[in-house]
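A.B. asks: What follows is a structure written as structure tokens; I'll ask about it next.
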Amino acid sequence: DRSSGPRVSDTELRVYKDPSKDELPLLPEELVQDSAKDVTYICPFIGPVRGSLTVTNYRLFFRCTDREPVFGLDLPLGGLSRVEKIGAASSRGDVSYGVVCKDMRNLRFVHKEPENSLKKSVFEVLMKFAFPVSNNMSLFAFEYKQVFPENGWKVYDPLAEYKRQGLPNESWRISKVNDHYELCDSYPATLFVPVTITDEELRRVSSFRAKGRIPVLSWIHPESQAAVVRASQTMVGQNGRRCKEDEKLLQAIMDANAQSHKLFIFDARPSVNAAANKMKGGGFESEDAYQNAELVFLDIHNIHVMRESLRKLKDVVYPNIEESHWLSNLESTHWLEHIKLILAGALRIADKVESGKTSVVVHCSDGWDRTPQLTSLALIMLDSHYRTIRGFQILLEKEWLSFGHRFQQRVGHGDKNHTDADRSPIFLQFIDCVWQMTRQFPAAFEFNEYFLITILDHLYSCLFGTFLCNSEQQRLKEEVPKRTVSLWSFVNSQLEEFVNPLYVHYPSHVLFPTVGIRHLQLWVSYYIRWNPRMRPQEPVHQRYKELLAKRAELQKRVEELQREAANRMASSSSERAGSPTRSITPVQTFV
Amino acid sequence: MEHIRTPKVEQVKLLDRFSNKSVTGTLHLTATHLIFVESNSTSILHHHIASVEKLSLKTNGCPLLIQCRNFRLVHFVIPRERDCHDIYSSLLRLLRPVSYDELYAFSYNPKQNDQQREEGWQLIDLAAEFERMGVPCDQWQLTDVNREYKVCKTYPRDLYVPIMASKPIIVGSSKFRSKGRFPVLTYFYQEKKAAVCRCSQPLSGFSARCLEDEHMLQAISKANHNSRYIYVMDTRPKLNALANRAAGKGYENEDNYSNIRFQFVGIENIHVMRGSLQKLLEVVGTRSLSMTDYLVGLENSGWLRHIKAIMDAAIFLAKTVTVEGASVLVHCSDGWDRTAQVCALGSLLMDPYYRTIKGFMVLIEKDWISFGHKFADRCDQLDPDPKEVSPIFTQFLECVWQLTEQFPQAFEFSEWFLIQIHEHVHSCQFGNFLGNSQRQREDLQLKERTYSLWAHLLSEKQNYLNPVYSPSFAESHPVLEPSTQAYHFKFWRNMYHQYDRSMHPRQSILKHVLTLKDSNRELEGTVQALKTKLQKFSVSTSPLNRKEVQQEEDEEVFGEEAMEDAPAITGGERTVEGSSATENGYGELMGSFGSKNEPGAVTLEFGVARMTC
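So the sequence lines, in the order shown, correspond to chains E and D.
For the first sequence, the UniProt record's numbering begins at 1 and goes up steadily by one.
For the second sequence, the UniProt record's numbering begins at 1 and goes up steadily by one.
Below is the structure:
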């Protein structure tokens, strides 16, 4: 039942069937903090509507009262990045408030200031509860106590996942060197490294890699043993420092794969940026120091460029689209260009591993933004397990969460500092790339588009603990798994909503998407979903589901008839000896 | 054949358009086709060739560039210059037939007898179509005024006009209309008794009037009791219509006609459309295209904007008729290009019948063929005037495709049906699209001497079915209301890149639905077979004839397309899908990095290509 679940609405304005009912569906522990009547919502699509505004510790809820049908606006406070008063009060005492959201929309309300200046306006309450971290309160995720049949915190077990990949083996071992996060506080506790490298050597390497993020194994090819290894940049600096343990480690990584005598190092950055990093003590591997290694730059830009690109995209798609310049406006955001570069980079990595049987090391500067984008996309291409619903969850838990993508900083959960330069839509870009792949391989992914959108909605909602904090260590310290509910608890308790009916499970099937520009398109059903004129494409899937149901029914019917035939046959053959009893072979199924 | 100097050249290289790959094979030149044979063969009908270009000699031979009207671009390298020149000059002659008799349709023989051929031509019956709409009726009648093509040479014989339009009114009105194309009925919306009529521009100049023409419009208006007004849609931009006045043509003056509502729609003329498509093809044909060049180029070509303009006009037409219940008169200049686009697309939005395979054929036969869209001129069939060539019909097909994207369940046919029609509009293999008017087609005795495309397409109907078509959707959505927000208009990759195999993704939802439908069909067959078997048991206890059952199952074979790429489950073996590093988009990217790709196998055959000839 969706109504009781924490569903973020997929259209801006939800129409209510029974307006007489009070339809604010409060979640467990959700409490109304304030409400006001006579608030006007300036809807960019249908114009101003009057109604009441309610603020709880989880959401903002606007219920329109002057229109038929009655509808509401319902969004989690976590999705707000900025609430501000616009201009001064009008002569009639009306004040305008702008609400900027993380999910591509801007809302605008008009409200009469309370006459009693001691009473707080509902918007002041909103500002307080929208940014609990800035106001020394806890995020709603720590209050929310819904119990789901499945515990999503158990989805990812690092040892089980590496075991699935056949690890440890003769070349790769588990290292306990980061058990208490003393080697690298942004890395997970469980690390896989070549057997020939000692923990002591790893400690030395950690001082040579930015933030101590040493090269460790992310994935290993089940046949060729070619490995995907991730790291941060080397601290080469202007003087060209070297570290023999680091060189040894990369040599050991190469040696662990007997198939190839080469190692590819993919530096996600544009070469200019990588070079500029030398000024700050960073840099990249020189080919002199690392024999047999080939360095490739992938030209992906940094978090600031990406943030700016999304900001422009928001201007282009919300609220209204300039018809005559749609494509050139889209172009000016460079969003698709960035998507293309990320996908192309991941494709090169996957191709080197699969076709070249060569191990690869992937890094950017700190190894927690572009690196997980590239490794996780390459892994999706290489390993069909990550294209299942649970496999995708494991991938996110592993490549993004355990390896310390700084979700708290990049999203700014509960923080009112909306201009923070650490915010960036890195994870959104990754999900966009996954969506692009699902367009090209509609039958290769177990999950549907709604699954991806749900993940993005709850990236911001702060309802679940999954995307809180910056690292595994922080999450343990804050006892996030104990004190909050995992998004996967919710998802895995109603899987049918997220299943792609077209999915065909091909084990060991590698996907190489085309990254040609003709194949990349704007994810309209995410970025433009608030526009009421956006037409979703669901019906095809609906039709497919109908066909699947029909097939199941037919298969049942065939079985029944076969059983009946067999019975008749048996009874008749008992009368006449030698009549044929072989029944028609059951029809093959492929899904 | 006299024009063929060198029928065969060996060691010819065929280069892939978007990668550095090439294949070597033998090139054959026949009277009707250019055939390239390697492991699989590529054949190009001469009629499909738009231009041949001999490029300057290179070290590995002489390049020959062939551009086709179905958006295929073939790049051969022929080792010896003399051979190249022979092929080049033969083609130049072959692709410019000087008389209709030289067209492929007159030599094409699908091994059918005369009766089959006749039946093929009888498939589409426009009189029956008007009957289906409810015409003739108390307000609309069939007129024989054009029986001898005397009133209008480019109209069909059978025309439907309001009861009140007498012969003198018709004749008078026709004299006041460009090319004599007076207002006649093309679609009748029975539910509201509203009519869609079409004509050409009035010869109004700056002040001329014609009482008969005014009566004609009044007669159309009076035939519909639902609305006091009729709408007159001039599909041209206002500026163009104004310019026409100087030439003694123009548009209706609202003061002279009682109860009309006049409206400009703003679809550009054939020259603008020709230029726009050219720009579009230039952009998408560029190798190593950057995202910026692509998006900006797509926008600057204006192509999708023109598609939107046509769609907007059709939506306006459909709304006026179905919601307001008013009759609409549509015209442009001569009433055979934009008018055909808008009337046909508008009818398609209003009537689910036109969204079926048969209905779509009827629609094309009615609004395009019978009302004299100049296929011969626009599609460059015979000794052409380049100024007359224009992708007007292609635009119509694309509009329909854009609709199929927005309403995947509303159409009985898939895009391959549209692409196949497009293929044959240019192939001159069937008689349907030859010539410029019905009269000319009769003179050419096409029905006696050529075959009908519709029969051919219906015989392979299975290939063109849209697996997600839902007749119940059509019932619940009789009138389609598409959105024309800019982001709903997409580049039609499968049309403009239909032969660029590397441009297409390998998995399609439609294929999967087809496979599933196929499997359901098989199951239904099995159920049926089992039922029959059980019935036989109950009738007699004699053992079942297994062979019979088997046959019944075997009959349920679906389009080969579906089977071909049915997903196979592989065991533990690793399989790769999609572009390999040397192919495709990745190749594009590699190209920009300056690295070389090794040659590999490539086939130009894709999709419908192999169904031709």
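Glycine residues also receive a C-beta, built at the ideal position from the N, C-alpha and C atoms.
Taking Ile307/D and Phe489/D to be in contact with their CB atoms under 8 Å, please state how far apart those CB atoms are, rounded to whole angstroms.
C.D. replies: Rounded, the Cβ-Cβ distance is 6 Å, consistent with contact.
A.B. asks: Against Met503/D, what residues of chain E qualify as contacts under a CB-to-CB distance less than 9 Å, listed in chain order?
C.D. replies: Within 9 Å Cβ-Cβ: Thr514, Gly516, Arg518 and His519.
A.B. asks: DSSP on Gln141/D, reduced to helix/strand/coil?
C.D. replies: Of the three classes helix, strand and coil, the one that applies to Gln141/D here is strand, per DSSP.
A.B. asks: Compile a chain-ordered list of the residues in the stretch 446-473 of chain D whose CB is closer than 7 Å to at least one CB of chain E.
C.D. replies: Within the stretch 446-473 of chain D, the residues whose Cβ lies closer than 7 Å to some Cβ of chain E are Val468 and Ser470, listed in chain order.
A.B. asks: Which residues of chain E have a Cβ atom closer than 8 Å to the Cβ of Phe417/D, listed in chain order?
C.D. replies: Chain E residues near Phe417/D: none, gap ~17 Å exceeds 8 Å.
A.B. asks: Return the first residue and the last residue of the beta strand (DSSP E) that Lys111/D is part of.
C.D. replies: Premise fails: Lys111/D is in no beta strand (DSSP E) and is neither H nor E.
A.B. asks: Would you say Leu495/E and Ile389/E are within 8 Å of each other, going by their C-beta atoms?
C.D. replies: Against a cut-off of 8 Å, the Cβ pair of Ile389/E and Leu495/E comes out as a contact.
A.B. asks: For the pair the stretch 288-306 of chain D and the stretch 318-329 of chain D, tell me if three or more CB-CB distances fall below 8 Å.
C.D. replies: The stretch 288-306 of chain D is not in contact with the stretch 318-329 of chain D.
A.B. asks: Kindly list, in the order they appear in chain D, the residues whose Cβ is closer than 8 Å to that of Val524/E.
C.D. replies: Result: Tyr487.
A.B. asks: Determine the direct distance from the alpha carbon of Ala219/D to that of Phe165/D, and round the result to whole angstroms.
C.D. replies: Just to set this straight, residue 165/D is Ala in the shown sequence, not Phe. So the alpha carbons of these two residues sit roughly 6 Å apart.
A.B. asks: Measuring straight from C-alpha to C-alpha, what distance separates Asp293/D and Arg242/E?
C.D. replies: Each residue's alpha carbon lies about 43 Å from the other.
A.B. asks: With the cut-off set at 8 Å, would you say Glu113/E and Val95/E are in Cβ contact?
C.D. replies: Yes, the pair counts as a contact, with Cβ atoms nearer than the cut-off.
A.B. asks: Can you name, in chain order, every residue of its own chain whose Cβ lies under 7 Å from the Cβ of Gly25/D, other than the five neighbours on each side?
C.D. replies: Cβ within range, chain order: Val12, Leu14, Phe36, Val37 and Glu38.
A.B. asks: Closer than 8 Å, Cβ to any Cβ of chain D: which residues of the stretch 452-480 of chain E, in chain order?
C.D. replies: Residues passing the 8 Å Cβ filter: none.
A.B. asks: If I measure Cβ to Cβ from Glu201/E and keep anything under 6 Å in the same chain, skipping five residues before and after, which residues do I get?
C.D. replies: Answer for Glu201/E: Glu245, listed in chain order.
A.B. asks: Starting from the C-beta of Val100/E, find all residues in its chain whose C-beta is less than 6 Å away, skip the five residues before and the five after it, and write them out in chain order.
C.D. replies: These residues qualify, in order along the chain: Ser81, Arg82 and Asn106.
A.B. asks: Cutting at 6 Å between CB atoms, please list the residues of its own chain near Leu159/D, excluding the five before and the five after it.
C.D. replies: Contacts found: Thr143, Asn146 and Val184.
A.B. asks: Considering just the uninterrupted stretch of the beta strand (DSSP E) at Ala474/D, what are its terminal residues?
C.D. replies: Looking at the DSSP string, Ala474/D is not in any beta strand (DSSP E); the run it does join, the alpha helix (DSSP H), is Pro471 to Ser476.
A.B. asks: Span of the alpha helix (DSSP H) holding Cys399/D?
C.D. replies: First-last of the alpha helix (DSSP H) with Cys399/D: Ile392 to Gln406.
A.B. asks: Report the option in Ser221/D, Asn520/D and Ser333/D whose CA atom is closest to the CA atom of Lys179/D.
C.D. replies: Answer by Cα proximity: Ser333/D.
A.B. asks: DSSP beta-bridge partners for Gly47/E?
C.D. replies: According to DSSP, which records beta bridges pairwise, Gly47/E is partnered with Cys43/E.
A.B. asks: With distances taken between CB atoms, is the gap from Thr196/E to Pro158/E smaller than 8 Å?
C.D. replies: Going by C-beta atoms, Thr196/E is not nearer than 8 Å to Pro158/E.
A.B. asks: For a test of the three-state rule: what should DSSP assign to Arg305/D, helix, strand or coil?
C.D. replies: Note: Arg305/D maps to helix in three-state DSSP.
A.B. asks: In three-state terms, what does DSSP make of Ser580/D?
C.D. replies: With a pLDDT of 43 at Ser580/D, under the threshold of 50, the modelled position of that residue is not reliable, and the figure given next carries that caveat. Three-state result, Ser580/D: coil.
A.B. asks: Determine whether the Cβ of Ile394/E lies closer than 8 Å to any Cβ atom of chain D.
C.D. replies: Ile394/E does not count as touching chain D.
A.B. asks: Determine whether the beta carbon atoms of Asp377/D and Asp385/D lie at a separation below 8 Å.
C.D. replies: Yes, the pair counts as a contact, with Cβ atoms nearer than the cut-off.
A.B. asks: Please check the pair Pro372/E and Phe392/E, which I expect to be a contact at CB under 8 Å, by giving their CB distance rounded to whole angstroms.
C.D. replies: Pro372/E to Phe392/E, Cβ: 14 Å. No contact.
A.B. asks: Look at the Cβ atom of Asp366/E, then the Cβ atom of Ala226/E, and state whether they are nearer than 8 Å.
C.D. replies: It is not a contact, given that the beta carbons lie outside the stated cut-off.
A.B. asks: Using DSSP with H/G/I as helix, E/B as strand and the rest coil, what is Met233/D?
C.D. replies: DSSP places Met233/D in strand when its eight states are reduced to three.
A.B. asks: For the stretch 100-113 of chain D and the stretch 184-195 of chain D, state whether three or more C-beta atom pairs, one from each stretch, are separated by less than 8 Å.
C.D. replies: The stretch 100-113 of chain D vs the stretch 184-195 of chain D: no contact.
A.B. asks: Given that Val558/E touches chain D, what residues does it touch there, using C-beta distances under 9 Å?
C.D. replies: The answer, in chain order, is Leu523, Thr526, Val527 and Leu530.
A.B. asks: Fully enclosed by the stretch 467-498 of chain E, which alpha helix (DSSP H) runs are 4 residues long or longer?
C.D. replies: Correct list: 472-477, 480-483 and 487-492.
A.B. asks: Determine the contact status of Leu34/D and Thr6/D, defining contact as a CB-CB distance below 8 Å.
C.D. replies: Not in contact: Leu34/D and Thr6/D (Cβ atoms no closer than 8 Å).
A.B. asks: Assuming Ala455/D and Leu123/D are in contact, meaning their beta carbons sit under 8 Å apart, how far apart are those beta carbons, in whole angstroms?
C.D. replies: Contact flag correct, Cβ pair sits at about 6 Å.
A.B. asks: Starting from the C-beta of Glu53/D, find all residues in its chain whose C-beta is less than 6 Å away, skip the five residues before and the five after it, and write them out in chain order.
C.D. replies: Hits under 6 Å: Leu65.
A.B. asks: Along the chain, which unbroken stretches of the alpha helix (DSSP H) at least 4 residues long are found entirely within the stretch 191-246 of chain E?
C.D. replies: Listed in chain order, the complete alpha helix (DSSP H) runs (minimum 4 residues) inside the stretch 191-246 of chain E are 199-208.
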